[in-house]
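Residue numbers (the working numbering): 9 to 118.
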C-alpha cells in the first residue's frame, strides 16, 4: 500500500508541475473563461512535448537499469563464489585440525 501511495503522490506532484509550467508559459489573458486558439495550441504543444520527453527518459532509464541489474548480478555471483571458496577452505582447515588433534590424542593415550 505504501508503494502505491508513493506512486500516486509522485504522479500528482508531476501533474501539478506540468500544469503550472504550461499554464505560466501559455496563458497570458485571464479576462475570460475560455482559452484563445493560441493558448490551446500552446498548451497542447507544451503537454505533448513534456509527454514525449518523459516517455523517452523512461525508455533510456529502463535500458540503463537493465544494464545496472546485469552488472549487479555478475558482481553478486562473483561474491557468492568467493564466499563459497572461503567456506570450503575453512572446512578443509577445520577437518585437518580435527584429524591432527585426533592423531595427537591417540598418540598421547598410547
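Beta carbons are placed, not taken as given, at the ideal position from N, Cα and C, and that holds for glycine.
Residue interval of the alpha helix (DSSP H) (run including residue i)
{"i": "residue 10", "result": "10–34"}
Cutoff 8 Å; reference residue i; Cβ partners in own chain excluding five residues on either side
{"i": "residue 33", "result": "50, 54"}
Rounded straight-line distance, which links the Cα of residue j to that of residue i
{"i": "residue 28", "j": "residue 16", "result": "18 Å"}
{"i": "residue 119", "j": "residue 75", "result": "In the structure as shown, the chain starts at 9 and stops at 118, and residue 119 therefore has no counterpart that could be examined."}
{"i": "residue 48", "j": "residue 88", "result": "58 Å"}
{"i": "residue 71", "j": "residue 64", "result": "11 Å"}
{"i": "residue 103", "j": "residue 93", "result": "15 Å"}
{"i": "residue 18", "j": "residue 24", "result": "10 Å"}
{"i": "residue 13", "j": "residue 62", "result": "21 Å"}
{"i": "residue 22", "j": "residue 83", "result": "35 Å"}
{"i": "residue 119", "j": "residue 73", "result": "In this structure the chain extends from 9 to 118, so residue 119 is not present and cannot be described."}
{"i": "residue 101", "j": "residue 11", "result": "48 Å"}
{"i": "residue 85", "j": "residue 99", "result": "21 Å"}
{"i": "residue 43", "j": "residue 35", "result": "8 Å"}
{"i": "residue 79", "j": "residue 91", "result": "18 Å"}
{"i": "residue 56", "j": "residue 77", "result": "31 Å"}
{"i": "residue 108", "j": "residue 81", "result": "40 Å"}
{"i": "residue 40", "j": "residue 31", "result": "15 Å"}
6 Å Cβ shell around residue i - same chain, five flanking residues per side excluded
{"i": "residue 45", "result": "none"}
{"i": "residue 26", "result": "58"}
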